[in-house]
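Asker:
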Amino acid sequence: MTPTLPPNLPLPLSDATFVLVLVLLLLSPLAIAGVALINTGLGRSRSAAQSLLGNLAIVAVAIVVFALVGATFAGTLGGAGHSIHLAGKPWNWLGAGPFFLGGLSSASSQAQLELLFEMLAVALAALIPWGSGADRVRLTAGCAVAAVLAAIVFPLLAHWAWGVGWLAQLGVNFSLGAGFLDPAGAATIHVLGGLSALAVVWIAGPRRGKFPQGGFATAMPGHNAVYILFGCLLALVGWLAFNVAGAVLWLHAPLSALPGTAVNTLLSASGAVAATFTVTRVRFGKPDASLCANGWLAGLVASSASAAVVFPGAAILIGLIAGVLTPLLVEVLELAVSIDDPTGAITAHAAGGLWGLIAAGAFAPGAGQLLAQLVGVATLLGLVLPLLYLLFWLLNRAVPLRVDPDGERIGMDLHELGGGAYPEFVIHRDDSYR
Amino acid sequence: MTPTLPPNLPLPLSDATFVLVLVLLLLSPLAIAGVALINTGLGRSRSAAQSLLGNLAIVAVAIVVFALVGATFAGTLGGAGHSIHLAGKPWNWLGAGPFFLGGLSSASSQAQLELLFEMLAVALAALIPWGSGADRVRLTAGCAVAAVLAAIVFPLLAHWAWGVGWLAQLGVNFSLGAGFLDPAGAATIHVLGGLSALAVVWIAGPRRGKFPQGGFATAMPGHNAVYILFGCLLALVGWLAFNVAGAVLWLHAPLSALPGTAVNTLLSASGAVAATFTVTRVRFGKPDASLCANGWLAGLVASSASAAVVFPGAAILIGLIAGVLTPLLVEVLELAVSIDDPTGAITAHAAGGLWGLIAAGAFAPGAGQLLAQLVGVATLLGLVLPLLYLLFWLLNRAVPLRVDPDGERIGMDLHELGGGAYPEFVIHRDDSYR
Amino acid sequence: MTPTLPPNLPLPLSDATFVLVLVLLLLSPLAIAGVALINTGLGRSRSAAQSLLGNLAIVAVAIVVFALVGATFAGTLGGAGHSIHLAGKPWNWLGAGPFFLGGLSSASSQAQLELLFEMLAVALAALIPWGSGADRVRLTAGCAVAAVLAAIVFPLLAHWAWGVGWLAQLGVNFSLGAGFLDPAGAATIHVLGGLSALAVVWIAGPRRGKFPQGGFATAMPGHNAVYILFGCLLALVGWLAFNVAGAVLWLHAPLSALPGTAVNTLLSASGAVAATFTVTRVRFGKPDASLCANGWLAGLVASSASAAVVFPGAAILIGLIAGVLTPLLVEVLELAVSIDDPTGAITAHAAGGLWGLIAAGAFAPGAGQLLAQLVGVATLLGLVLPLLYLLFWLLNRAVPLRVDPDGERIGMDLHELGGGAYPEFVIHRDDSYR
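Chains as they are written, first to last, in the working numbering: chain A, 1 to 434; chain B, 1001 to 1434; chain C, 2001 to 2434.
Structure, rendered in structure tokens:
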């Protein structure tokens, strides 16, 4: 299971391999459906319709904007892209694809599938900040955030990590292992989504009443634990699909390596939820359902970087560590940094993804791969996060992210849609309505 | 992406292609699960258990009746079928298959997969009128409607459009392009289901209190927006499966054309929901979650006719138009024609499907294909709709569609099942209970 | 469709067949997600979060323990296993696999896929007793039950029925047809899970108030019919995946037999729910939604033994009989034997599976196969059930299965998690809280 060098030119796929990847990609929207349900369940009942309608709208915006603009910059259907030369090496930083998916049907089968992967990946990535902005970020702003991700940041990152970009070529140019490896979107989907979530909640601020002056942070439990935990089980299928499809597309893994990738995915998620269950039980006396959901997701996210390149023993260890870190980091973010992230996406997606990327390097033979992974991590934290903050800060000037205080008080459903998700059910009204 | 002529004789499928279609068909019941959830969410809480139990029972009835009777008339496992001669041409109007799936295991792989596609398609089609009859159509009547569709109307249409029937042979006999094209059931599933919904609600009448005398139509919002919108995301996977599998089975599309079909499906749905979101926001000041769900479905339904035969630019345009038409048509049906269609299925499935069928012809090269599609549309509206109305009118004599007024007042769950879907939750009681 | 003799040595799989099975296995967790939702819906609202968190934790424990311990005893990646000699024949009773999935990546493609099948199968099996213990079995105890199943009982059974164990070799050694056939886990997943449920509820006892002294059994309807019935539709996809994948892995069915397996699965489930609907309607005047869900599952479970080896006519008959037996057996267990099984899993999974195993033998040509199946059934009832009872009785000494009475009164959510699944919804409080 040594990571293999991703060749610069796509290989011709056998029909069986083509069929495998195509079916898995058609299955992968279950990750989208699962994450959407988790997003909604972790918000409040008075925002549930707005939350899920936002998930649907954001998927639509991400797909359309990526088709119209983003795919050109990702360069998946195109040629060499744009390079600058520094230190005697080419740094390919921007793709150059055709306009509006031109040439899709005549592209190589590898390139067609890569494009489909990216289109579904950007839709998933764009959902992540929406969950963290629950109960306060406006529909229009959520769609605008998705548009920015799909037009600019995701294409850059996809070109760098999955295409012929500079991160992927760290191996060729600087002998760092096989270059930066992100077989199933740990960086391109999850760290991107999690860092976007961080930037969004930073700019939008916490929910009203979350951090009362001079008091402790208020617990605001998700309004439906069934949506959250069922969403986790549904998401598993989507992750299995992405992880196995990505191993074929970006690692050129042979068929015989793929059951192992699936087994590792199961082991990482299982190890992670077991660890979070145990840690929260020890710390709080009772296990915490929301944090267990975050742990499960963190394990899945970490597996998106590592499942295709490690042995089962490492997969379970990676999951265990992800599951131990999750409740600690959620607590640090909430209590020490006063960040209000209702879905825990910053921890599950950003931290889980970064940990997976490092672990994939650490468990690979030779030090070069770990160094390549660390360059990728540094790029995400040092370049992508500031870029996201800048873009969303500018966006917030034009399209304010946050609803006005009256809207927040009556709930996003009533304010933005004129009606609630559960018009016939009797809901407890709490102080925050007043 | 020129539509190719469907040959009259099934081709031998390669193993990889066989595997692709088989797996997609096993995945396609997610469309059934998604539509069932949408049906239930758009009804009222006091009918939710009856609604979902009906969905399950209808799927069962449709599958069993199709296996016992319908498959014989569809003729998928059989030979030439029955023709009459008119204007010097054969008009093949009825299939002649073996009794109760005889010879299934020895049929060609193409025929076996076609039969499985049809069995799942008829189950999906039969769910559509059930949703529109929500809160007033009886379980037994819903099952009887499903039986009529599975025994008679669906097999006729499947034979005409997918088999060796006269619609499919408009190309061979009258040089109308490749004959009527319905690659993934826009006609055979969705227009059939949507027109059945029209006939059912026409005969059953509106819900009590929907159109008060001398007043405006009463808004009766669905009882759970999460079911509706999550159902949309789940249905997406089922549609991707049907659209890609259908492109192989009925267009004999090569593998390399299939990622494009998936991309087009995503673009049509995305364009449609974006359009409905915008239109409802402009018209009403706020976007409407239910109508957005209808728009998303209308985009998916339109893609079932068109995704396999158009370019991405056309796919998004087809979606946009479907999404603009949806809220307008829902309003016309409700306010101008006083039709009470709780799920909007007449618009999403019938109108969305008709639009997709026309669009598939309009974007094909040459005028013949458009003409073939228009002949199909005319058949659906001029022949199939009256036939459905007649059959359901007769059925209504034997098995009354509508519950008695007392039953409607207390709710379908209490009346038909003796208990509600949510026995522990407190529900608002409104005037319509009295 | 004569059952074919499973060869002792795995055959090399073609790439297309490998891809088929791999994708189906990645899809099969939808059975897990569906059963988890059914489990939760059939419990009470005050246990819903504990129930679903338990499902997630149990999946994790089953997967990790099977990887660490169980897979060694199942012997899937290993060699000949351990045999004793009796009556001049070898009785292979225990596998001998490598430690912690060693050699997974270098194993044959058949063995790799078998291991993945087993890992997902044990997760599904372990969910079944959890559902039956709803509202009273503790999280830790549920995880311990899962660990026992994954470490000991499932591996034994998988080795006997699927591996080179003595049940599978009844054909070779005693000329009983093709040996005990369990193509998709009717025995190994469902009877095992259902008998575990029986042992668990036997030991844990009924819910408080279920069988009041000197009175009739109290009806305790599931708290959400939508979860139950939607779970059934979702589970269908998982069952289709398991049934078709199992037919390839354990019957070496050719591709051309697989659409028939899928059709039979659909017919068994459909026939079963139609029968239960009719029977409950005739008996009680109204159809019963929960029992219909049990009937649907019983039909699916029976198909897991039979779908790959019978004709469509038999498949529907098998479903009908499963659907007729389900409500009768649920009633017998509850009223005659005073067993409190909230999810009906003993009936749906154990009885449905046993019936399917017998039916698969009865519809096969020759008496030998029926005899082989009956030996398997006798083993399950005479050997596996006592073993399960013993193991869980011992477990109950160390980790008490049942919550203390106070915990049961306030509800598992509040007691074990400190908060409910639906914190914002108003719930009816009934007498059992006092």
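Glycine included, every Cβ here is placed at the ideal spot set by N, Cα and C. Since we're looking at a predicted model, the values are computed, not measured.
Of all the residues that make up the segment 2225 to 2259 of chain C, which are near chain B by a beta-carbon distance shorter than 7 Å?
Answerer: The segment 2225 to 2259 of chain C vs chain B, Cβ under 7 Å: A2225, V2226, L2229, F2230, C2232, L2233, L2234, L2236, V2237, L2240, A2241, V2244, L2255, S2256, A2257, L2258, P2259.
Asker: Just to confirm the assignment, what range does the beta strand (DSSP E) spanning N92 of chain A have?
Answerer: The residue you call residue 92 of chain A lines up with position 92 of the first sequence. 89 to 94 is the extent of the beta strand (DSSP E) around N92 of chain A.
Asker: For I2427 of chain C, which residues does DSSP report across the bridge?
Answerer: Along the third sequence, one-based indexing puts residue 2427 of chain C at 427. Answer is B:F1425, bridged to I2427 of chain C.
Asker: Does the beta-carbon of M1 of chain A have 16 or more other beta-carbons within 10 angstroms, so that it is buried, or is it exposed?
Answerer: For the purposes of this step, residue 1 of chain A is taken as the residue at position 1 of the first sequence. Model confidence at M1 of chain A stands at a pLDDT of 40, short of 50, so the residue's coordinates are unreliable; what they give is reported in the following sentence. Flag for M1 of chain A reads buried.
Asker: Report the residue from B:P1287, B:V1403, B:S1256 whose alpha carbon sits nearest the alpha carbon of H988 of chain B.
Answerer: Past the boundaries of the shown model lies residue 988 of chain B; chain B is included only from 1001 to 1434, so the question cannot be answered.
Asker: Can you give me the Cβ contacts of G295 of chain A inside the same chain, cut-off strictly under 6 Å, excluding the 5 residues immediately before and after it?
Answerer: Taking the first sequence and counting its residues from 1, the one referred to as residue 295 of chain A is at position 295. Contacts found: A272, V273, T276, G323, T326.
Asker: By how many angstroms is the C-alpha of A2150 of chain C removed from the C-alpha of L2192 of chain C?
Answerer: Within the third sequence, the letter at position 192 stands for residue 2192 of chain C. Within the third sequence, the letter at position 150 stands for residue 2150 of chain C. Rounded to the nearest angstrom, the two C-alpha atoms are 11 Å apart.
Asker: Measuring only the C-alpha atoms, how far is F2230 of chain C from V164 of chain A?
Answerer: To locate residue 2230 of chain C, count along the third sequence from 1; it is residue 230. To locate residue 164 of chain A, count along the first sequence from 1; it is residue 164. So the alpha carbons of these two residues sit roughly 44 Å apart.
Asker: Give a yes or no on contact between the segment 2065 to 2078 of chain C and the segment 2246 to 2263 of chain C, applying the rule of three or more CB pairs nearer than 8 Å.
Answerer: No: fewer than three Cβ pairs fall under 8 Å.
Asker: Considering only residues of the same chain and omitting the five flanking positions on each side of E2408 of chain C, which have a CB-CB separation below 6 Å?
Answerer: Against the third sequence, residue 2408 of chain C aligns to sequence position 408. Excluding residues within five positions, the ones whose Cβ falls inside 6 Å are R2136, R2208.
Asker: Between which residues of its own chain and A2144 of chain C is the CB-CB distance below 6 Å, once the five residues before and five after are set aside?
Answerer: By 1-based counting over the third sequence, the position of residue 2144 of chain C is 144. Once the five neighbours on either side are set aside, the close Cβ partners of A2144 of chain C are L2395, V2399.
Asker: Let me know the alpha helix (DSSP H) ranges lying completely inside the segment 180 to 251 of chain A, each 4 residues or longer, listed in chain order.
Answerer: Counting whole runs of 4 or more residues, the segment 180 to 251 of chain A contains the alpha helix (DSSP H) stretches 192 to 204, 225 to 251.
Asker: So with CB distances below 9 Å, who are the chain C contacts of L1417 of chain B?
Answerer: Taking the second sequence and counting its residues from 1, the one referred to as residue 1417 of chain B is at position 417. Residues of chain C passing the Cβ test: A2225, K2286, P2287, D2288, A2289.
Asker: Pairing CB atoms from the segment 40 to 51 of chain A with CB atoms from the segment 219 to 233 of chain A, are three or more of them under 8 Å?
Answerer: Cβ pair count under 8 Å is three or more, so yes.
Asker: For a contact meaning CB atoms closer than 8 Å, what does M119 of chain A contact in chain B?
Answerer: Start at 1 with the first residue of the first sequence, and residue 119 of chain A comes out as number 119. What M119 of chain A touches in chain B: V1263, L1266.
Asker: Which class does L9 of chain A belong to by DSSP, given the choice of helix, strand or coil?
Answerer: Your numbering for residue 9 of chain A matches position 9 in the first sequence. Unreliable placement is indicated for L9 of chain A, whose pLDDT of 45 sits below 50; no coordinate value is reported for it.
Asker: What are the start and end residues of the beta strand (DSSP E) that includes L2086 of chain C?
Answerer: Within the third sequence, residue 2086 of chain C is the residue found at index 86, counting from 1. 2082 to 2086 is the extent of the beta strand (DSSP E) around L2086 of chain C.
Asker: Looking at L1387 of chain B: is its Cβ nearer than 8 Å to the Cβ of A1187 of chain B?
Answerer: Taking the first residue of the second sequence as position 1, residue 1387 of chain B is located at position 387. Taking the first residue of the second sequence as position 1, residue 1187 of chain B is located at position 187. In this structure, A1187 of chain B does not lie closer than 8 Å to L1387 of chain B by Cβ.
Asker: Report yes or no: is there a C-beta of chain A within less than 8 Å of the C-beta of P1155 of chain B?
Answerer: As a first step, residue 1155 of chain B is located in the second sequence; it is residue number 155 there, counting from the start. Judged by the 8 Å Cβ criterion, P1155 of chain B is not in contact with chain A.
Asker: Helix, strand or coil for R402 of chain A, going by three-state DSSP, please let me know.
Answerer: Your numbering for residue 402 of chain A matches position 402 in the first sequence. Correct three-state label for R402 of chain A: strand.
Asker: Identify the contact partners of T2072 of chain C in chain A, using a Cβ-Cβ distance below 7 Å as the criterion.
Answerer: Translated into the one-based positions of the third sequence, residue 2072 of chain C becomes position 72. Per Cβ cutoff of 7 Å: no residues; T2072 of chain C is ~13 Å from chain A at best.
Asker: Can you check whether the CB of A305 of chain A is closer than 8 Å to the CB of A360 of chain A?
Answerer: The residue given as residue 360 of chain A occupies position 360 in the first sequence. The residue given as residue 305 of chain A occupies position 305 in the first sequence. Yes, the pair counts as a contact, with Cβ atoms nearer than the cut-off.
Asker: Between which two residues does the alpha helix (DSSP H) holding P2129 of chain C run?
Answerer: The residue given as residue 2129 of chain C occupies position 129 in the third sequence. 2109 to 2132 is the extent of the alpha helix (DSSP H) around P2129 of chain C.
Asker: Pick out whichever of A:C292, A:I316, A:A219 has its Cα sitting closest to the Cα of T488 of chain A.
Answerer: One cannot answer for residue 488 of chain A here, as it falls past the ends of chain A, which runs 1 to 434.
Asker: Any C-beta of chain C within less than 7 Å: which residues of the segment 41 to 70 of chain A qualify?
Answerer: Cβ contacts with chain C: R44, S45.
Asker: Provide the residue span of the alpha helix (DSSP H) that contains R1281 of chain B, from first to last.
Answerer: Counting from one through the second sequence, the residue named residue 1281 of chain B turns up at place 281. Segment 1258 to 1284, the alpha helix (DSSP H) holding R1281 of chain B.
Asker: Which residues share a DSSP beta bridge with V1137 of chain B?
Answerer: For the purposes of this step, residue 1137 of chain B is taken as the residue at position 137 of the second sequence. B:R1402, per the DSSP bridge assignment.
Asker: Can you tell me which of the three DSSP states F18 of chain A falls into?
Answerer: By one-based count along the first sequence, residue 18 of chain A stands at place 18. Of the three classes helix, strand and coil, the one that applies to F18 of chain A here is helix, per DSSP.
Asker: Any beta-carbon of chain A closer than 8 Å to the one on S2109 of chain C?
Answerer: Walking along the third sequence from the start, residue 2109 of chain C turns up at place 109. Closer than 8 Å to some Cβ of chain A, the Cβ of S2109 of chain C qualifies, so yes.
Asker: Along chain A, in chain order, which residues have C-beta atoms closer than 8 Å to that of G1271 of chain B?
Answerer: As a first step, residue 1271 of chain B is located in the second sequence; it is residue number 271 there, counting from the start. By Cβ distance, chain A contributes A60, V64.
Asker: Using beta carbons (cut-off 8 Å, strictly below), is E408 of chain A in contact with chain B?
Answerer: Start at 1 with the first residue of the first sequence, and residue 408 of chain A comes out as number 408. Chain B contact via Cβ: absent.
Asker: Would you call the CB atoms of L1401 of chain B and P2287 of chain C closer than 8 Å?
Answerer: Locating residue 1401 of chain B in the second sequence gives position 401, counting from the first residue. Locating residue 2287 of chain C in the third sequence gives position 287, counting from the first residue. Cβ atoms of L1401 of chain B and P2287 of chain C: not closer than 8 Å.
Asker: Enumerate in chain order the residues of its own chain whose CB-to-CB distance from A362 of chain A is below 6 Å, with the five nearest sequence positions on each side excluded.
Answerer: Here residue 362 of chain A refers to the residue found at position 362 when the first sequence is read from its first residue. So the qualifying residues of the chain are L370.
Asker: Which residue's Cα is closest to the Cα of L2291 of chain C: B:G1103, B:L1417, B:L1027, B:L1240?
Answerer: Along the third sequence, one-based indexing puts residue 2291 of chain C at 291. Among B:G1103, B:L1417, B:L1027, B:L1240, the Cα nearest to that of L2291 of chain C is on B:L1417.
Asker: Expressed to the nearest angstrom, what Euclidean distance is found between the alpha-carbon atoms of Y1227 of chain B and H2082 of chain C?
Answerer: As a position in the second sequence, residue 1227 of chain B is number 227, starting the count at 1. As a position in the third sequence, residue 2082 of chain C is number 82, starting the count at 1. If you take the alpha carbons of Y1227 of chain B and H2082 of chain C, they lie about 52 Å apart.
Asker: Straight-line CA distance for I2339 of chain C to L2333 of chain C?
Answerer: Numbered from 1 along the third sequence, position 339 holds the residue referred to as residue 2339 of chain C. Numbered from 1 along the third sequence, position 333 holds the residue referred to as residue 2333 of chain C. So the two alpha carbons sit approximately 5 Å from each other.
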